[in-house]
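A.B. asks:
2 protein chains.
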Amino acid sequence: MKYLLQDLKVRVNDKIYIKDPESSDLGKRIIEHSILMIHEIGFDKFTFKKLGEKIGSNESSVYRYFENKHKLLLYLTSWYWGWLEYQLVFATNSIPDSKNKLRKGIEIITRSVKEDTSFSHINEVLLNQIVINEYSKSYLTKEVDEENKEGYFSIYKRLVIRLTDMIKDVDSDYAYPSSLSSTIIEGAMHQHFLADHFPSLTDCNKKITPTEYFIDLVFNSIKK
Amino acid sequence: MKYLLQDLKVRVNDKIYIKDPESSDLGKRIIEHSILMIHEIGFDKFTFKKLGEKIGSNESSVYRYFENKHKLLLYLTSWYWGWLEYQLVFATNSIPDSKNKLRKGIEIITRSVKEDTSFSHINEVLLNQIVINEYSKSYLTKEVDEENKEGYFSIYKRLVIRLTDMIKDVDSDYAYPSSLSSTIIEGAMHQHFLADHFPSLTDCNKKITPTEYFIDLVFNSIKK
DNA sequence: TATAGTTTGATAGTAATACTATTATCTTTG
DNA sequence: CAAAGATAATAGTATTACTATCAAACTATA
Chain A
1 MKYLLQDLKV RVNDKIYIKD PESSDLGKRI IEHSILMIHE IGFDKFTFKK LGEKIGSNES
61 SVYRYFENKH KLLLYLTSWY WGWLEYQLVF ATNSIPDSKN KLRKGIEIIT RSVKEDTSFS
121 HINEVLLNQI VINEYSKSYL TKEVDEENKE GYFSIYKRLV IRLTDMIKDV DSDYAYPSSL
181 SSTIIEGAMH QHFLADHFPS LTDCNKKITP TEYFIDLVFN SIKK
Chain B
1 MKYLLQDLKV RVNDKIYIKD PESSDLGKRI IEHSILMIHE IGFDKFTFKK LGEKIGSNES
61 SVYRYFENKH KLLLYLTSWY WGWLEYQLVF ATNSIPDSKN KLRKGIEIIT RSVKEDTSFS
121 HINEVLLNQI VINEYSKSYL TKEVDEENKE GYFSIYKRLV IRLTDMIKDV DSDYAYPSSL
181 SSTIIEGAMH QHFLADHFPS LTDCNKKITP TEYFIDLVFN SIKK
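What follows is the structure, given as structure tokens:
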């Protein structure tokens, strides 16, 4: 599996970048260190100037890869959702029973990423943290509709729809499969965030995982 | 009820502002027009300079009320959650049956605000839209923990806990009342957002409301 | 291997943002 | 009427978010 993942290249919509960061050494360093830096100081305080200094390069060179930091965030989060989609498909593909498949799918999507896998320059553990803390900022903008039309959120949407389909496979009569799917994905990130910063607003902690909570929620709602 | 609401002043943590905007005419104009402006151009493009121009005043005067625009957003959203908490308590207080009470509570929290009530300078319809589109930005920061300690999110937390208690009253054995409560409040905003911008990711639309979806979700999860 | 093309780095510059400071004016109230 | 307090006007600073230009380095291929 490690080998398989090593060769897999997550395909991000090529309108998100000016020059493909996977196509050069500098591009890869931009990705690698932007993840480290956004994780460290937060997206709001992150700038291309600071990144340039960190990678021993220059602001203007970073601008040759991404129009602005918003696009870079779209790139990183798209990559993450693509990577997660791959995990989802890979882990559930061979499961014949639709309930078990859904259970496994929820597990993949709601768990927190614990170990960095094979992509050398991309740290998935930190990227998972970034998605929890910053993803909303990528779509809570006045430009959402335009950017949605451009396909900037298509990987994320595909993931939500994959989970929706798994729900439908278990109970084709359930009235809210799309809402439930989007609630699981967004809600899991939110529960992880609350566990870290607002423990009084969640039951999730060291012992109880968001996965348990969402599996209970889902299987009580469907198939009666 | 209109009269009652007219006299009610939502109490926002006084560390959020430098000078209470309710204490002067200029302060009220700041609140009134910041709501209109943030709704119009979005929080990211909103600045105190633009606001000053709009209200025929001056950047520096706005700074005498709020340290920065982040604090102003905290003020507006705190006010909103306080207002919603009032609606919740007022509407559910007299309901004896815990199930009916919870049902009503979910309705209050998940519905979209349709008409501006009595607070002359605060437009609750627009403020509801602002909360949907911008609230996450107020806590997805590197300063959350500090600001949480300062009590900047206490009204929001109180609201989540009120709903948690309503859930517990219906089923004291349910394992995830806090997570369910926070999922409803955050999830309702998210479903409204999706209905507006990503209709393929939700079942909510003109005909199906987030309220229906969440009532179904909650009452299938508790009390079996 | 010469040279043309491409990529990167360095520097400079602009407009806007996010403030702070100072002073003048205007309003309220004692 | 005077003093205090609030507001407006102006100026100024550091940082952000870029754009433009040019030279150096590296690469590709004729």
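If you read the protein sequences in the order shown, they are chains A and B. Going by our numbering, the first residue of the first sequence is number 1, and it counts up by one from there. Going by our numbering, the first residue of the second sequence is number 1, and it counts up by one from there. Just so it is clear, CB atoms sit at the ideal spot from N, CA and C, and this is done for glycine as well.
#1: Which residue from B:D44, B:H190, B:L72, B:M37 puts its Cα closest to that of B:E53?
#2: For A:G27 and A:I185, I'd like the C-alpha separation in whole angstroms.
#3: Distance check for B:D169 and A:E143, CA to CA, integer angstroms please.
#4: What runs of the alpha helix (DSSP H), each 4 residues or longer, lie entirely inside the region 114 to 174 of chain B?
#5: Using a C-beta to C-beta distance shorter than 9 angstroms, which residues of chain A count as neighbours of B:S221?
#6: Can you tell me whether DSSP reads A:D196 as helix, strand or coil?
#7: For the region 13 to 27 of chain B and the region 97 to 111 of chain B, state whether three or more C-beta atom pairs, one from each stretch, are separated by less than 8 angstroms.
#8: I want to know whether the region 111 to 126 of chain A touches the region 168 to 183 of chain B - three or more CB-CB distances under 8 angstroms.
#9: For A:E186, return the contacting residues in chain B, with the cut-off set at a CB-CB distance below 8 angstroms.
#10: Measure the C-alpha to C-alpha separation of B:S138 and B:N128 and round it to an integer number of angstroms.
#11: Listed in chain order, which residues of the region 115 to 139 of chain A have Cβ atoms closer than 8 angstroms to some Cβ of chain B?
#12: Quick one: is B:I199 buried, meaning 16 or more other Cβ sit within 10 Å of its Cβ, or exposed?
#13: Note down, in chain order, each residue of its chain lying with its Cβ closer than 7 angstroms to the Cβ of B:L4, except the 5 sequence neighbours on either side.
#14: Closer than 8 angstroms, CB to CB, is A:Q6 near chain B or not?
#15: Does DSSP put A:R103 in a helix, a strand or coil?
#16: Once you ignore the five residues that flank B:G151 on each side, which residues in its own chain have a CB closer than 6 angstroms to its CB?
#17: To the nearest angstrom, how far is the alpha carbon of B:I109 from that of B:T202?
#18: Please report the residue range of the alpha helix (DSSP H) in which B:I18 lies.
#19: Helix, strand or coil: which one does DSSP assign to B:R111?
#20: Going along the chain, which residues of its own chain have a beta-carbon closer than 7 angstroms to the beta-carbon of A:S181, five neighbours each way excluded?
#21: For a cutoff of 8 angstroms on Cβ pairs, would you count B:F46 as touching chain A?
#22: Look up A:D216 in the DSSP assignment and say whether it is helix, strand or coil.
#23: Strictly under 8 angstroms for the Cβ-Cβ distance: is A:D171 near chain B by that measure?
#24: For A:L140 and B:D196, what's the separation of their Cα atoms in angstroms?
#25: Of the choices A:V113, A:R64, A:F90, whose alpha-carbon is the least far from that of A:Y80?
#26: Cβ atoms of A:H39 and A:I155: under 8 angstroms apart, would you say?
C.D. replies: This is what the structure holds:
#1: B:M37
#2: 30 angstroms
#3: 43 angstroms
#4: 124 to 139, 144 to 149, 154 to 170
#5: D216, L217, N220, S221
#6: helix
#7: no
#8: no
#9: E186, G187, H190
#10: 15 angstroms
#11: N133, E134, S136, K137, Y139
#12: The sequence shown places Pro at residue 199 of chain B, not Ile. The residue in question, B:P199, is exposed, as its Cβ has fewer than 16 Cβ neighbours within 10 Å.
#13: Confidence is the limiting factor: at B:L4 the pLDDT is only 47, short of 50, which leaves the residue's position unreliable and the question unanswerable from this model.
#14: Residue placement at A:Q6 is flagged as unreliable, the pLDDT there being 48, under the threshold of 50; the coordinate-derived value follows with that caveat. No, no contact with chain B.
#15: helix
#16: N13
#17: 18 angstroms
#18: Careful: B:I18 lies outside any alpha helix (DSSP H) and carries neither H nor E.
#19: coil
#20: V160, L163, T164, I167
#21: no
#22: helix
#23: no
#24: 12 angstroms
#25: A:V113
#26: no
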